[in-house]
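First the structure, in the form of structure tokens, and then the observations on it.
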Amino acid sequence: MIQYRTLLKDEINRELFQNFIRRQIVTDCRRKENNAWIIKSAPFIDDWSEEDYQTLAACLKNTVSTGGFVYAAFYDEKLKGFVSVEPELFGKEQRYLDLSSIHVSEDMRGQGIGKSLFLAAKEWAKSRGAKKLYISAHSAVESQAFYKAMGCVEAQVYNQMHVEAEPYDCQLECELSF
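The opening residue of the sequence shown carries number 454 in this note's numbering; numbering runs sequentially from there.
Below, the structure written as structure tokens:
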């Protein structure tokens with residue numbers, strides 16, 4: 454049975470991710486070219502290095518320390534999914550909160566974990582006065598299908614920091630009325 458709970462700063466470390474499989478085989482990606490969205494062949498395998506895991510743990514700890522939200526899914530007491538939302542509102546009238554990460558372990562995808570995590574993030578963001586979640590989303594067609602199913606659309610206002618950090622990501626938003 455999958456159990457969900459908020460993560461505490463002290464439990465976020467490299468060991469937390471020892472049974473988490475980031476691996477994603479990507480074949481096609483959604484790209485914006487000449488002001489139009491297209492599907493483009495761009496095969497690669499997305500995975501995290503040891504350094505990536507260390508950076509992730511530090512970022513998630515910072516999110517918790519600054520008042521943000523880190524929520525996780527566990528199966529057999531092993532981390533199998535997580536979502537994080539940063540605490541600072543931005544985007545003026547859009548009143549965005551940044552969904553900074555959402556990942557489900559490769560061995561548990563397709564079982565509704567991502568949806569549960571995303572809905573928890575929406576609820577948390579709405580309770581903090583946000584009108585929308587902002588997502589700098591992986592461009593893989595499978596990832597984009599998930600975000601579309603969650604009600605995400607292209608962001609009205611792009612966050613330039615995200616565009617510069619991940620130029621191939623799709624900049625999305627999700628209304629928090631539910």
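The beta-carbon is built from N, C-alpha and C at its ideal position, and this holds for glycine as well. Note that the structure is a prediction, hence the values are computed from the model and not measured.
Ser589 sits buried, since 16 or more C-beta atoms from the chains shown fall within 10 Å of its C-beta.
Within the model, the alpha-carbon separation for Thr516 versus Gly567 is close to 19 Å. In this structure Val606 is exposed. Its beta-carbon is surrounded by fewer than 16 other beta-carbon atoms within 10 angstroms. In this structure, Tyr528 keeps its C-beta atom at 8 Å or more from the C-beta atom of Phe535. By the 16-neighbour rule on beta-carbons within 10 angstroms, Phe497 is exposed.
Put simply, the region 571-581 touches the region 613-630. At least three CB pairs are less than 8 Å apart. In the three-state reduction of the DSSP assignment, Arg475 falls in the coil class. The closest CA to that of Ala495, considering only Asn487, Asp505, Val479, Ser502, is found on Val479.
Residue environment: Ile555 is assigned as buried (16 or more neighbouring CB atoms within 10 Å of its CB, all protein chains considered).
Check the Cα spacing between Glu464 and each of Ala511, Trp501, Asp505: the tightest is with Ala511. For Ile465, no alpha helix (DSSP H) run applies, since DSSP gives it neither H nor E.
Residue pairing from DSSP places Phe527 in a beta bridge opposite Gln456, Leu532.
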